[in-house]
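In C-alpha coordinates:
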(Lines of atoms letter the chains of each structure in order from A and count residues from 1; the text may use other names and numbers.)
(Lines give C-alpha, C1' and ligand atoms only; values in the text may rest on other atoms or scores of the structure.)
Protein backbone atom coordinates (compact mmCIF):
# COMPACT_ATOMS: atom_id res chain seq x y z
CA UNK A 1 0.00 0.00 0.00
CA UNK A 2 1.19 3.52 -0.79
CA UNK A 3 1.71 6.37 1.64
CA UNK A 4 -1.42 8.06 0.28
CA UNK A 5 -3.48 4.98 1.18
CA UNK A 6 -2.06 4.65 4.68
CA UNK A 7 -1.79 8.28 5.80
CA UNK A 8 -4.08 11.27 5.59
CA UNK A 9 -2.92 14.71 4.50
CA UNK A 10 -2.05 15.87 8.05
CA UNK A 11 0.18 12.88 8.69
CA UNK A 12 1.77 13.08 5.25
CA UNK A 13 2.75 16.69 5.92
CA UNK A 14 4.13 15.80 9.34
CA UNK A 15 6.06 12.86 7.87
CA UNK A 16 7.91 15.24 5.55
CA UNK A 17 8.84 17.41 8.52
CA UNK A 18 10.23 14.36 10.33
CA UNK A 19 12.18 13.05 7.33
CA UNK A 20 15.56 14.04 8.77
CA UNK A 21 14.75 13.10 12.36
CA UNK A 22 17.52 11.14 14.10
CA UNK A 23 15.48 9.89 17.05
CA UNK A 24 17.08 6.77 18.55
CA UNK A 25 15.28 3.46 18.75
CA UNK A 26 15.03 3.73 22.53
CA UNK A 27 13.60 7.24 22.34
CA UNK A 28 11.11 6.07 19.72
CA UNK A 29 9.83 3.35 22.04
CA UNK A 30 9.63 5.85 24.89
CA UNK A 31 7.58 8.27 22.79
CA UNK A 32 5.23 5.51 21.64
CA UNK A 33 4.31 5.06 25.30
CA UNK A 34 3.88 8.79 25.92
CA UNK A 35 0.60 10.20 27.20
CA UNK A 36 0.87 12.99 24.63
CA UNK A 37 -0.88 11.95 21.35
CA UNK A 38 1.40 14.24 19.32
CA UNK A 39 4.53 12.52 20.63
CA UNK A 40 3.02 9.12 19.92
CA UNK A 41 2.12 10.22 16.40
CA UNK A 42 5.65 11.42 15.65
CA UNK A 43 7.14 8.20 16.98
CA UNK A 44 4.71 6.09 14.95
CA UNK A 45 5.49 8.08 11.80
CA UNK A 46 9.21 7.51 12.34
CA UNK A 47 8.58 3.77 12.70
CA UNK A 48 6.49 3.88 9.54
CA UNK A 49 9.18 5.76 7.58
CA UNK A 50 11.97 3.45 8.69
CA UNK A 51 9.90 0.33 7.99
CA UNK A 52 9.23 1.57 4.47
CA UNK A 53 12.82 2.60 3.67
CA UNK A 54 15.20 0.44 5.71
CA UNK A 55 15.17 -2.47 8.14
CA UNK A 56 14.07 -1.46 11.65
CA UNK A 57 16.74 -1.29 14.36
CA UNK A 58 14.46 -3.07 16.84
CA UNK A 59 12.83 -6.48 16.65
CA UNK A 60 9.40 -6.48 15.06
CA UNK A 61 7.83 -7.99 18.16
CA UNK A 62 9.01 -5.08 20.31
CA UNK A 63 7.70 -2.50 17.85
CA UNK A 64 4.42 -4.35 17.35
CA UNK A 65 3.76 -4.46 21.08
CA UNK A 66 4.67 -0.79 21.46
CA UNK A 67 2.29 0.19 18.64
CA UNK A 68 -0.42 -1.91 20.26
CA UNK A 69 -0.01 0.11 23.45
CA UNK A 70 -0.26 3.29 21.38
CA UNK A 71 -3.60 2.15 19.96
CA UNK A 72 -5.18 1.43 23.33
CA UNK A 73 -8.15 3.78 23.86
CA UNK A 74 -7.94 6.36 26.65
CA UNK A 75 -9.41 5.56 30.03
CA UNK A 76 -13.00 6.83 30.49
CA UNK A 77 -11.97 9.42 33.07
CA UNK A 78 -9.43 10.90 30.64
CA UNK A 79 -11.60 10.98 27.52
CA UNK A 80 -13.14 14.39 28.10
CA UNK A 81 -9.73 16.06 28.08
CA UNK A 82 -8.49 14.26 24.96
CA UNK A 83 -8.07 16.18 21.70
CA UNK A 84 -10.03 13.99 19.25
CA UNK A 85 -8.07 15.17 16.19
CA UNK A 86 -4.71 14.56 17.86
CA UNK A 87 -5.83 11.12 18.95
CA UNK A 88 -7.16 10.31 15.46
CA UNK A 89 -3.94 11.26 13.68
CA UNK A 90 -1.87 9.38 16.27
CA UNK A 91 -3.93 6.21 15.78
CA UNK A 92 -3.76 6.58 12.00
CA UNK A 93 0.04 6.78 12.15
CA UNK A 94 0.27 3.78 14.49
CA UNK A 95 -1.95 1.66 12.23
CA UNK A 96 0.11 2.64 9.18
CA UNK A 97 3.32 1.70 11.00
CA UNK A 98 1.83 -1.62 12.07
CA UNK A 99 0.89 -2.39 8.48
CA UNK A 100 4.32 -1.44 7.14
CA UNK A 101 6.15 -3.68 9.63
CA UNK A 102 4.51 -6.67 7.91
CA UNK A 103 4.88 -8.76 11.05
CA UNK A 104 4.42 -12.52 11.10
CA UNK A 105 1.00 -13.82 12.06
CA UNK A 106 2.26 -15.31 15.31
CA UNK A 107 3.52 -11.88 16.37
CA UNK A 108 0.02 -10.39 16.17
CA UNK A 109 -1.85 -11.66 19.22
CA UNK A 110 -5.55 -11.28 19.97
CA UNK A 111 -5.02 -8.53 22.54
CA UNK A 112 -3.35 -6.33 19.93
CA UNK A 113 -6.15 -6.87 17.42
CA UNK A 114 -8.67 -5.93 20.11
CA UNK A 115 -6.92 -2.54 20.14
CA UNK A 116 -7.23 -2.32 16.34
CA UNK A 117 -10.96 -3.14 16.15
CA UNK A 118 -12.30 0.19 17.55
CA UNK A 119 -10.68 1.96 14.59
CA UNK A 120 -12.21 -0.34 11.95
CA UNK A 121 -15.26 1.88 11.39
CA UNK A 122 -15.07 5.64 10.89
CA UNK A 123 -18.04 6.37 13.16
CA UNK A 124 -16.23 8.37 15.82
CA UNK A 125 -14.36 11.70 15.78
CA UNK A 126 -11.22 9.88 16.91
CA UNK A 127 -11.17 7.64 13.80
CA UNK A 128 -10.20 8.90 10.34
CA UNK A 129 -11.39 7.28 7.13
CA UNK A 130 -7.81 6.30 6.32
CA UNK A 131 -7.34 4.71 9.75
CA UNK A 132 -10.58 2.75 9.38
CA UNK A 133 -9.46 1.37 6.03
CA UNK A 134 -6.05 0.35 7.42
CA UNK A 135 -7.61 -1.28 10.48
CA UNK A 136 -9.93 -3.36 8.30
CA UNK A 137 -6.99 -4.48 6.17
CA UNK A 138 -5.00 -5.45 9.25
CA UNK A 139 -7.86 -7.56 10.57
CA UNK A 140 -8.27 -9.25 7.19
CA UNK A 141 -4.51 -9.86 6.92
CA UNK A 142 -3.99 -11.41 10.34
CA UNK A 143 -7.34 -13.14 10.85
CA UNK A 144 -8.55 -14.18 7.37
CA UNK A 145 -11.52 -16.43 6.61
CA UNK A 146 -12.32 -18.99 9.29
CA UNK A 147 -9.60 -17.60 11.53
CA UNK A 148 -11.61 -14.39 11.79
CA UNK A 149 -14.70 -16.33 12.89
CA UNK A 150 -12.64 -18.19 15.50
CA UNK A 151 -11.18 -14.89 16.67
CA UNK A 152 -14.67 -13.38 17.01
CA UNK A 153 -15.93 -16.28 19.11
CA UNK A 154 -12.89 -16.96 21.27
CA UNK A 155 -10.90 -13.74 21.33
CA UNK A 156 -13.71 -11.18 21.29
CA UNK A 157 -16.89 -12.69 22.69
CA UNK A 158 -15.68 -15.36 25.11
CA UNK A 159 -12.49 -13.95 26.57
CA UNK A 160 -13.01 -10.21 26.20
CA UNK A 161 -16.71 -9.25 26.29
CA UNK A 162 -18.29 -12.10 28.25
CA UNK A 163 -16.62 -11.27 31.60
CA UNK A 164 -17.59 -7.61 31.21
CA UNK A 165 -21.28 -8.19 30.42
CA UNK A 166 -22.07 -11.42 32.28
CA UNK A 167 -23.76 -9.60 35.21
CA UNK A 168 -25.23 -6.66 33.31
CA UNK A 169 -28.80 -7.94 32.76
CA UNK A 170 -31.24 -10.32 34.44
CA UNK A 171 -33.07 -11.06 31.17
CA UNK A 172 -30.58 -13.78 30.27
CA UNK A 173 -28.31 -16.10 32.19
CA UNK A 174 -24.53 -15.72 32.28
CA UNK A 175 -24.46 -18.29 29.47
CA UNK A 176 -26.64 -16.06 27.28
CA UNK A 177 -29.83 -18.13 27.48
CA UNK A 178 -33.29 -16.74 28.36
CA UNK A 179 -33.76 -16.51 32.13
CA UNK A 180 -36.76 -18.31 33.59
CA UNK A 181 -37.41 -15.43 35.96
CA UNK A 182 -36.48 -11.85 35.23
CA UNK A 183 -35.73 -9.68 38.23
CA UNK A 184 -38.10 -6.77 38.71
CA UNK A 185 -36.39 -3.42 38.88
CA UNK A 186 -36.19 -1.84 42.34
CA UNK A 187 -37.90 1.54 42.90
CA UNK A 188 -34.65 3.47 42.71
CA UNK A 189 -34.16 2.70 39.01
CA UNK A 190 -32.66 -0.76 39.01
CA UNK A 191 -29.65 -1.72 36.99
CA UNK A 192 -29.26 1.74 35.50
CA UNK A 193 -29.70 3.84 38.65
CA UNK A 194 -25.93 3.94 38.82
CA UNK A 195 -23.43 3.94 36.01
CA UNK A 196 -23.37 0.49 34.41
CA UNK A 197 -20.19 -1.33 35.35
CA UNK A 198 -19.38 -2.27 31.76
CA UNK A 199 -19.03 1.41 30.88
CA UNK A 200 -15.94 1.63 33.05
CA UNK A 201 -14.08 -0.15 30.25
CA UNK A 202 -14.80 2.75 27.88
CA UNK A 203 -17.06 3.43 24.87
CA UNK A 204 -14.77 1.43 22.59
CA UNK A 205 -16.42 -1.70 24.05
CA UNK A 206 -19.51 -0.99 21.94
CA UNK A 207 -17.37 -0.48 18.84
CA UNK A 208 -15.66 -3.82 19.40
CA UNK A 209 -18.98 -5.63 19.73
CA UNK A 210 -20.43 -3.82 16.72
CA UNK A 211 -17.52 -5.00 14.61
CA UNK A 212 -17.94 -8.57 15.89
CA UNK A 213 -21.60 -8.63 14.87
CA UNK A 214 -20.93 -7.12 11.44
CA UNK A 215 -18.05 -9.53 10.77
CA UNK A 216 -19.90 -12.64 11.97
CA UNK A 217 -21.23 -15.11 9.43
CA UNK A 218 -24.71 -16.70 9.74
CA UNK A 219 -23.23 -20.10 10.61
CA UNK A 220 -21.19 -18.53 13.41
CA UNK A 221 -24.24 -16.86 14.91
CA UNK A 222 -26.29 -20.03 14.61
CA UNK A 223 -23.74 -22.08 16.58
CA UNK A 224 -22.72 -19.49 19.14
CA UNK A 225 -25.75 -17.20 19.55
CA UNK A 226 -25.67 -17.30 23.40
CA UNK A 227 -22.40 -15.36 23.36
CA UNK A 228 -24.04 -12.38 21.64
CA UNK A 229 -27.17 -12.13 23.77
CA UNK A 230 -25.98 -10.58 27.07
CA UNK A 231 -24.28 -7.72 25.26
CA UNK A 232 -27.22 -7.12 22.92
CA UNK A 233 -29.79 -7.04 25.72
CA UNK A 234 -27.61 -4.83 27.91
CA UNK A 235 -27.12 -2.24 25.18
CA UNK A 236 -30.76 -2.26 24.06
CA UNK A 237 -31.93 -1.69 27.66
CA UNK A 238 -29.38 1.00 28.54
CA UNK A 239 -30.76 4.17 30.10
CA UNK A 240 -28.58 6.38 27.89
CA UNK A 241 -30.55 7.09 24.70
CA UNK A 242 -27.46 7.18 22.48
CA UNK A 243 -26.23 3.82 23.79
CA UNK A 244 -29.73 2.34 23.52
CA UNK A 245 -30.04 3.44 19.90
CA UNK A 246 -26.59 2.04 19.08
CA UNK A 247 -27.61 -1.23 20.71
CA UNK A 248 -30.81 -1.40 18.67
CA UNK A 249 -28.87 -0.77 15.46
CA UNK A 250 -26.50 -3.61 16.36
CA UNK A 251 -29.43 -5.87 17.23
CA UNK A 252 -31.00 -5.08 13.87
CA UNK A 253 -27.80 -6.21 12.16
CA UNK A 254 -27.74 -9.35 14.32
CA UNK A 255 -31.34 -10.21 13.35
CA UNK A 256 -30.54 -9.64 9.68
CA UNK A 257 -27.65 -12.12 9.83
CA UNK A 258 -28.70 -14.76 12.36
CA UNK A 259 -30.88 -17.52 10.82
CA UNK A 260 -34.50 -17.02 11.90
CA UNK A 261 -34.80 -20.70 12.79
CA UNK A 262 -32.15 -20.25 15.48
CA UNK A 263 -34.09 -17.36 17.00
CA UNK A 264 -37.33 -19.34 17.05
CA UNK A 265 -35.77 -22.51 18.43
CA UNK A 266 -33.95 -20.72 21.24
CA UNK A 267 -36.83 -18.53 22.36
CA UNK A 268 -34.52 -15.57 22.53
CA UNK A 269 -36.83 -13.59 20.24
CA UNK A 270 -39.16 -13.13 23.23
CA UNK A 271 -36.29 -11.63 25.24
CA UNK A 272 -35.53 -9.20 22.43
CA UNK A 273 -39.20 -8.26 22.22
CA UNK A 274 -39.40 -7.37 25.91
CA UNK A 275 -36.15 -5.44 25.68
CA UNK A 276 -37.23 -3.41 22.63
CA UNK A 277 -40.82 -2.46 23.47
CA UNK A 278 -39.98 0.10 26.21
CA UNK A 279 -38.03 2.14 23.65
CA UNK A 280 -41.30 2.95 21.88
CA UNK A 281 -42.25 5.18 24.79
CA UNK A 282 -39.07 7.26 24.85
CA UNK A 283 -41.15 10.25 23.80
CA UNK A 284 -41.08 14.00 24.29
CA UNK A 285 -41.08 15.77 26.59
CA UNK A 286 -39.26 13.29 28.85
CA UNK A 287 -36.97 12.45 25.94
CA UNK A 288 -35.88 15.37 23.71
CA UNK A 289 -37.41 15.16 20.25
CA UNK A 290 -33.97 15.18 18.60
CA UNK A 291 -33.11 12.00 20.52
CA UNK A 292 -36.56 10.43 20.40
CA UNK A 293 -37.00 10.47 16.62
CA UNK A 294 -33.92 8.38 15.63
CA UNK A 295 -34.50 6.02 18.57
CA UNK A 296 -38.11 5.42 17.53
CA UNK A 297 -37.09 4.80 13.91
CA UNK A 298 -34.54 2.22 15.01
CA UNK A 299 -36.90 0.53 17.49
CA UNK A 300 -39.83 0.19 15.06
CA UNK A 301 -37.54 -1.05 12.29
CA UNK A 302 -36.02 -3.71 14.52
CA UNK A 303 -39.33 -4.83 16.01
CA UNK A 304 -40.72 -5.26 12.51
CA UNK A 305 -37.71 -7.36 11.56
CA UNK A 306 -38.16 -9.40 14.75
CA UNK A 307 -41.82 -10.00 13.92
CA UNK A 308 -41.02 -11.13 10.39
CA UNK A 309 -38.32 -13.46 11.74
CA UNK A 310 -41.04 -15.25 13.73
CA UNK A 311 -42.99 -15.92 10.54
CA UNK A 312 -43.12 -19.22 8.71
CA UNK A 313 -45.52 -19.69 5.81
CA UNK A 314 -45.83 -23.38 6.64
CA UNK A 315 -46.69 -22.85 10.29
CA UNK A 316 -49.92 -21.09 11.23
CA UNK A 317 -48.91 -20.93 14.91
CA UNK A 318 -45.84 -18.89 14.03
CA UNK A 319 -47.99 -16.69 11.83
CA UNK A 320 -50.16 -15.98 14.87
CA UNK A 321 -47.03 -15.19 16.87
CA UNK A 322 -45.93 -12.67 14.26
CA UNK A 323 -49.35 -11.02 14.16
CA UNK A 324 -49.53 -10.89 17.95
CA UNK A 325 -46.28 -8.93 18.09
CA UNK A 326 -47.37 -6.59 15.31
CA UNK A 327 -50.71 -6.00 17.07
CA UNK A 328 -48.85 -5.18 20.27
CA UNK A 329 -46.45 -2.79 18.54
CA UNK A 330 -49.36 -1.00 16.88
CA UNK A 331 -51.39 -0.66 20.07
CA UNK A 332 -48.65 -0.05 22.64
CA UNK A 333 -46.32 1.79 20.29
CA UNK A 334 -48.00 3.75 17.51
CA UNK A 335 -51.42 4.41 19.05
CA UNK A 336 -50.11 5.03 22.57
CA UNK A 337 -47.22 7.08 21.22
CA UNK A 338 -49.54 9.36 19.26
CA UNK A 339 -51.70 9.86 22.34
CA UNK A 340 -48.68 11.08 24.32
CA UNK A 341 -46.75 13.00 21.64
CA UNK A 342 -49.25 14.18 19.02
CA UNK A 343 -47.97 17.76 19.30
CA UNK A 344 -44.47 16.76 18.17
CA UNK A 345 -44.84 16.58 14.41
CA UNK A 346 -41.55 14.80 13.65
CA UNK A 347 -42.45 12.08 16.10
CA UNK A 348 -45.85 11.89 14.42
CA UNK A 349 -44.10 11.38 11.07
CA UNK A 350 -42.23 8.36 12.46
CA UNK A 351 -45.46 6.95 13.92
CA UNK A 352 -47.27 7.30 10.59
CA UNK A 353 -44.44 5.59 8.70
CA UNK A 354 -44.38 2.79 11.26
CA UNK A 355 -48.15 2.36 11.04
CA UNK A 356 -47.86 1.92 7.28
CA UNK A 357 -45.18 -0.76 7.68
CA UNK A 358 -47.15 -2.62 10.35
CA UNK A 359 -50.36 -2.63 8.28
CA UNK A 360 -48.41 -3.86 5.27
CA UNK A 361 -47.02 -6.71 7.38
CA UNK A 362 -50.40 -7.59 8.90
CA UNK A 363 -52.15 -7.47 5.51
CA UNK A 364 -55.85 -8.32 5.83
CA UNK A 365 -55.43 -9.05 9.55
CA UNK A 366 -55.05 -5.30 10.05
CA UNK A 367 -58.81 -5.01 9.61
CA UNK A 368 -59.32 -5.42 13.37
CA UNK A 369 -57.55 -2.08 13.79
CA UNK A 370 -59.37 -0.28 10.97
CA UNK A 371 -61.36 2.17 13.08
CA UNK A 372 -58.40 2.90 15.34
CA UNK A 373 -56.22 3.54 12.30
CA UNK A 374 -58.70 5.93 10.71
CA UNK A 375 -59.01 7.78 14.01
CA UNK A 376 -55.20 7.97 14.07
CA UNK A 377 -54.87 9.35 10.55
CA UNK A 378 -57.77 11.82 10.74
CA UNK A 379 -56.26 14.50 13.01
CA UNK A 380 -52.97 14.47 11.11
CA UNK A 381 -54.65 14.87 7.73
CA UNK A 382 -57.28 17.39 8.79
CA UNK A 383 -55.17 19.69 10.97
CA UNK A 384 -54.17 22.70 8.88
CA UNK A 385 -51.19 23.35 11.17
CA UNK A 386 -49.77 19.91 10.30
CA UNK A 387 -48.91 21.32 6.87
CA UNK A 388 -46.06 23.14 8.56
CA UNK A 389 -44.27 19.78 8.27
CA UNK A 390 -45.67 18.26 5.08
CA UNK A 391 -43.66 14.98 5.26
CA UNK A 392 -45.74 13.94 8.29
CA UNK A 393 -48.97 14.48 6.34
CA UNK A 394 -47.56 12.59 3.35
CA UNK A 395 -46.64 9.71 5.68
CA UNK A 396 -50.18 9.68 7.09
CA UNK A 397 -51.66 9.63 3.56
CA UNK A 398 -49.43 6.75 2.50
CA UNK A 399 -50.41 4.86 5.65
CA UNK A 400 -54.08 5.51 4.83
CA UNK A 401 -53.61 4.19 1.29
CA UNK A 402 -51.88 1.06 2.60
CA UNK A 403 -54.75 0.57 5.03
CA UNK A 404 -57.28 0.80 2.18
CA UNK A 405 -55.36 -1.73 0.11
CA UNK A 406 -55.25 -4.26 2.94
CA UNK A 407 -58.60 -3.64 4.65
CA UNK A 408 -60.78 -3.01 1.60
CA UNK A 409 -63.36 -5.75 2.37
CA UNK A 410 -64.56 -3.69 5.37
CA UNK A 411 -64.56 -0.29 3.68
CA UNK A 412 -66.95 -0.14 0.71
CA UNK A 413 -70.58 0.05 1.77
CA UNK A 414 -69.70 1.05 5.35
CA UNK A 415 -69.33 4.36 7.18
CA UNK A 416 -65.57 3.92 6.84
CA UNK A 417 -65.72 4.92 3.18
CA UNK A 418 -67.55 8.14 3.99
CA UNK A 419 -65.09 8.89 6.81
CA UNK A 420 -62.11 8.42 4.48
CA UNK A 421 -63.68 10.67 1.85
CA UNK A 422 -64.34 13.36 4.43
CA UNK A 423 -60.78 13.17 5.82
CA UNK A 424 -59.20 13.45 2.38
CA UNK A 425 -61.50 16.29 1.30
CA UNK A 426 -60.64 18.32 4.40
CA UNK A 427 -56.93 17.77 3.82
CA UNK A 428 -57.34 18.86 0.19
CA UNK A 429 -59.14 22.00 1.37
CA UNK A 430 -56.33 22.82 3.78
CA UNK A 431 -53.87 22.61 0.90
CA UNK A 432 -56.12 24.81 -1.24
CA UNK A 433 -56.30 27.40 1.54
CA UNK A 434 -52.54 27.42 2.07
CA UNK A 435 -50.65 30.23 0.37
CA UNK A 436 -47.62 28.06 -0.46
CA UNK A 437 -49.73 25.31 -1.95
CA UNK A 438 -48.63 25.89 -5.54
CA UNK A 439 -45.21 25.00 -6.83
CA UNK A 440 -44.05 23.34 -3.60
CA UNK A 441 -42.65 19.84 -4.39
CA UNK A 442 -43.80 18.45 -1.04
CA UNK A 443 -47.31 19.84 -1.53
CA UNK A 444 -47.38 18.35 -5.01
CA UNK A 445 -46.37 14.96 -3.62
CA UNK A 446 -49.13 15.22 -1.02
CA UNK A 447 -51.80 16.08 -3.59
CA UNK A 448 -50.74 13.08 -5.68
CA UNK A 449 -51.11 10.78 -2.67
CA UNK A 450 -54.56 12.21 -1.93
CA UNK A 451 -55.61 11.64 -5.55
CA UNK A 452 -54.34 8.07 -5.19
CA UNK A 453 -56.58 7.64 -2.15
CA UNK A 454 -59.64 8.67 -4.13
CA UNK A 455 -58.61 6.47 -7.04
CA UNK A 456 -58.39 3.50 -4.67
CA UNK A 457 -61.84 4.19 -3.25
CA UNK A 458 -63.34 4.61 -6.72
CA UNK A 459 -61.82 1.32 -7.90
CA UNK A 460 -63.24 -0.47 -4.85
CA UNK A 461 -66.71 0.87 -5.58
CA UNK A 462 -66.48 -0.15 -9.21
CA UNK A 463 -65.49 -3.70 -8.23
CA UNK A 464 -68.35 -4.03 -5.72
CA UNK A 465 -72.12 -4.21 -5.95
CA UNK A 466 -72.47 -0.96 -4.05
CA UNK A 467 -73.59 2.09 -6.07
CA UNK A 468 -71.02 4.85 -6.35
CA UNK A 469 -71.95 8.00 -4.39
CA UNK A 470 -71.66 10.19 -7.47
CA UNK A 471 -74.74 12.30 -6.73
CA UNK A 472 -73.60 13.14 -3.22
CA UNK A 473 -70.08 13.94 -4.39
CA UNK A 474 -71.44 16.06 -7.24
CA UNK A 475 -73.36 18.16 -4.72
CA UNK A 476 -70.21 18.56 -2.65
CA UNK A 477 -68.24 19.73 -5.70
CA UNK A 478 -70.94 22.24 -6.59
CA UNK A 479 -70.51 23.83 -3.16
CA UNK A 480 -66.70 23.47 -3.15
CA UNK A 481 -65.41 23.52 -6.76
CA UNK A 482 -61.80 23.22 -5.62
CA UNK A 483 -62.55 19.56 -4.79
CA UNK A 484 -63.30 18.70 -8.41
CA UNK A 485 -59.75 17.48 -9.28
CA UNK A 486 -59.79 15.27 -6.18
CA UNK A 487 -62.97 13.45 -7.22
CA UNK A 488 -61.99 12.94 -10.87
CA UNK A 489 -61.89 9.11 -10.48
CA UNK A 490 -65.62 9.16 -9.71
CA UNK A 491 -66.39 10.64 -13.16
CA UNK A 492 -68.58 13.49 -11.93
CA UNK A 493 -68.48 15.51 -15.16
CA UNK A 494 -71.94 14.55 -16.37
CA UNK A 495 -73.82 15.11 -13.10
CA UNK A 496 -72.14 18.48 -12.56
CA UNK A 497 -73.05 19.68 -16.01
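In this note's numbering, the protein residues as written are 1 to 497. Using N, Cα and C, we set each Cβ at its ideal position, and we do this for glycine too. The model shown is predicted, which means the values in this text are computed figures rather than measured ones.
Bounding residues of the alpha helix (DSSP H) (the contiguous stretch that carries residue 443): 441 to 463
Anticipated Cβ contact below 8 Å, residue 374 with residue 419, distance rounded: 6 Å
Segment limits, alpha helix (DSSP H) that includes residue 129: Residues 129 to 142.
Where residue 413 sits in the DSSP three-state scheme: coil
Distance CB(residue 131)-CB(residue 95) smaller than 8 Å: yes
Rounded C-alpha distance that separates residue 165 from residue 230: 6 Å
Start-to-end residues for the alpha helix (DSSP H) that takes in residue 67: Counting along the chain, residue 67 sits inside the alpha helix (DSSP H) bounded by residues 60 to 71.
Distance, residue 353 Cα to residue 367 Cα: One C-alpha to the other measures close to 18 Å.
Residue 482 classed as buried or exposed, judged by whether at least 16 other C-beta atoms fall within 10 angstroms: Residue 482 counts as exposed, since fewer than 16 other beta carbons sit within 10 angstroms of its beta carbon.
Cα-Cα separation between residue 408 and residue 401, rounded to whole angstroms: 10 Å
Counted within 10 angstroms of its Cβ, other Cβ atoms place residue 384 as buried (16 or more) or exposed: Exposed.
Separation of residue 331 from residue 140, as counted between CA atoms: Computed Cα separation, rounded: 46 Å.
Alpha-carbon to alpha-carbon, residue 117 and residue 147: Roughly 15 Å between the two C-alpha positions.
Rounded C-alpha distance that separates residue 265 from residue 226: 12 Å
Reduced DSSP secondary structure (H/G/I, E/B, other) of residue 498: Residue 498 lies beyond the range of the chain shown here (1 to 497); nothing can be said about it.
Alpha carbon of residue 369 to alpha carbon of residue 237, nearest angstrom: Each residue's alpha carbon lies about 29 Å from the other.
C-beta atoms of residue 278 and residue 222 nearer than 8 Å: no
Same chain only: Cβ atoms within 8 Å of residue 188, ignoring 5 sequence neighbours per side: For residue 188, the predicted structure reports a pLDDT of 43, less than 50, and the residue's modelled location is therefore unreliable. The matter cannot be settled from this model.
Residue 281 CB to nearest heavy atom of the ligand NAP below 7 Å: Summarising the ligand content, the structure contains no ligands, and the ligand NAP is consequently not present.
Rounded straight-line distance, which links the Cα of residue 106 to that of residue 44: 22 Å
The region 80 to 93 / the region 5 to 19 touching (three or more Cβ pairs under 8 Å): yes
Proximal residues to residue 263 (C-beta, below 7 Å), its chain only, five neighbours per side dropped: Correct list, in chain order: 269, 309.
Selected residue, minimal CA-CA separation from residue 394, among 446, 345, 380: 446
Residues near residue 133 in its chain [Cβ-Cβ closer than 8 Å; skip 5 each side]: So the list reads 5, once near-sequence residues are dropped.
Distance CB(residue 243)-CB(residue 293) smaller than 8 Å: The answer is no: Cβ separation not under 8 Å.
Short Cβ contact (8 Å threshold) for residue 135 with residue 97: The answer is no: Cβ separation not under 8 Å.
Neighbourhood of residue 62 by C-beta distance below 8 Å, restricted to the same chain and skipping five residues each side: The answer, listed in chain order, is 29.
Inter-residue Cα distance where the pair is residue 356 and residue 449: Residue 356 and residue 449 have their alpha carbons spaced roughly 14 Å apart.
Cut-off 7 Å between Cβ atoms - residues of its own chain near residue 397, not counting five sequence neighbours on either side: Here the set comprises 381, 446, 449, 450, 453.
Same chain only: Cβ atoms within 7 Å of residue 283, ignoring 5 sequence neighbours per side: 292, 337, 340, 341, 347
Nonlocal neighbours in the same chain, by C-beta distance under 7 Å from residue 516, ignoring five residues either side: Given that the chain is displayed from residue 1 to residue 497, the structure contains no residue 516 and the question cannot be resolved.
Exposure label - residue 486; buried when at least 16 CB within 10 Å: The residue is buried, with at least 16 neighbouring Cβ atoms inside 10 Å.
Three-state secondary structure (DSSP) of residue 492: coil
From 322, 83, 349, 199, residue whose alpha carbon lies closest to that of residue 235: 199
Residue 99: first and last residue of the uninterrupted alpha helix (DSSP H) it sits in: 84 to 101
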